[in-house]
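Peer 1:
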Amino acid sequence: MSDFADRLRVLEPVAGGWVSVGHPVVAELLAEQEFDFLVLDGEHSENSIESLAAMVRAVDAADGDTEALVRVPAADPIAVKRVLDLGPAGVIVPAVDTPEEAAAMVDAAAYPPEGVRGVAGTRPSGYGASLDEYYTRANADTLVIVQIETASAVECVHDIAAVEGLDGLFIGPADLSAQLGVFGEFDSETFRDATDRIADAANDADKPLGTLATSRETVESRWEWGVDFLAVGTDTNYLADAAADYLDAYEDART
Numbered sequence: 210m211s212d213f214a215d216r217l218r219v220l221e222p223v224a225g226g227w228v229s230v231g232h233p234v235v236a237e238l239l240a241e242q243e244f245d246f247l248v249l250d251g252e253h254s255e256n257s258i259e260s261l262a263a264m265v266r267a268v269d270a271a272d273g274d275t276e277a278l279v280r281v282p283a284a285d286p287i288a289v290k291r292v293l294d295l296g297p298a299g300v301i302v303p304a305v306d307t308p309e310e311a312a313a314m315v316d317a318a319a320y321p322p323e324g325v326r327g328v329a330g331t332r333p334s335g336y337g338a339s340l341d342e343y344y345t346r347a348n349a350d351t352l353v354i355v356q357i358e359t360a361s362a363v364e365c366v367h368d369i370a371a372v373e374g375l376d377g378l379f380i381g382p383a384d385l386s387a388q389l390g391v392f393g394e395f396d397s398e399t400f401r402d403a404t405d406r407i408a409d410a411a412n413d414a415d416k417p418l419g420t421l422a423t424s425r426e427t428v429e430s431r432w433e434w435g436v437d438f439l440a441v442g443t444d445t446n447y448l449a450d451a452a453a454d455y456l457d458a459y460e461d462a463r464t
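Mapping of the sequence shown onto the numbering used here: residues 210 to 464, in sequence order.
1. Would DSSP call Leu-220 helix, strand or coil?
2. Between the C-alpha atoms of Arg-431 and Glu-342, what's the straight-line distance to the nearest angstrom?
3. Quick one: give me the first and last residue of the beta strand (DSSP E) that Val-248 is part of.
4. Taking the alpha-carbon positions, what's the Val-391 to Ser-397 distance?
5. Per DSSP, what kind of secondary structure is Glu-276 in: helix, strand or coil?
6. With respect to the alpha helix (DSSP H) encompassing Thr-427, which residues constitute its N-terminal and C-terminal limits?
7. So Leu-278 and Pro-297 are supposed to be a Cβ contact under 8 angstroms. How far apart are they, rounded?
8. By the 10 Å Cβ neighbour count, where 16 or more other Cβ atoms means buried, how is Val-436 classified, buried or exposed?
9. Does DSSP classify Thr-195 as helix, strand or coil?
10. In terms of DSSP beta bridges, what is Gln-356 paired with?
11. Helix, strand or coil, according to DSSP, for Leu-238 in the structure here?
12. According to the Cβ coordinates, are Thr-275 and Ala-240 closer than 8 angstroms?
13. Using a Cβ-Cβ cutoff of less than 6 angstroms, which residues in the same chain neighbour Asp-250 once the five nearest sequence positions on both sides are dropped?
14. Specify the secondary structure class of Thr-443 as computed by DSSP and reduced to three states.
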């Protein structure tokens, strides 16, 4: 089991980044910045299974201990299986609405007899060279985190959090606020009631809770939702902010 997985499971605070640009150089460069984890986005991005594979390798190749998590395109067991064969530390599954869906994702990520993941000699097992060894540890090592981002999921979030084998919950701020009818109103009573309920469920189940901050200004407020792991910005944020800073420096130099 990786140090990151150990730390996450004992609710030690960890910080990560978010990668949407489908190029391994971006993933490798960010993995050099001492993030604990990087989420490689397979849902809201142009990424393919091939670009995700290249980025997982790039994160692994970087100096340091950054681990890759992949957000799969949907709550689909086939998507979970294909992504795990690339060798990330685990998956984040979007829009999980029920404990039954959460349990299905846990099953999809686990080899028999605990689950239904298909066995193949892919990258995590050295393309079959160490398949027996990988098979014995994969179920314990692999992280499965589900996103809570609908009103129906909030209604049964305590049951979702209690699913055996589930490693954590992740608040999807934009979709959750939209589903609740308060898009972008993250300080509204409706939205905060929902995040409080999600945090309570995670605490009751002794599971870590995470979310995403998309700007420097939202890091503190998102942390106050009671999260244990936080993606502090995205690659597109970092690029745009850095470009703006350089342009500001140019304007300052001219005056």
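Glycine included, C-beta positions come from ideal geometry on N, C-alpha and C.
Peer 2: Taking the definition as stated:
1. coil
2. 39 angstroms
3. 246–250
4. 7 angstroms
5. strand
6. 425–432
7. 6 angstroms
8. buried
9. Absent from the structure is residue 195, since the part of the chain shown begins at 210 and ends at 464.
10. Phe-379
11. helix
12. yes
13. Ser-229 and Arg-280
14. strand
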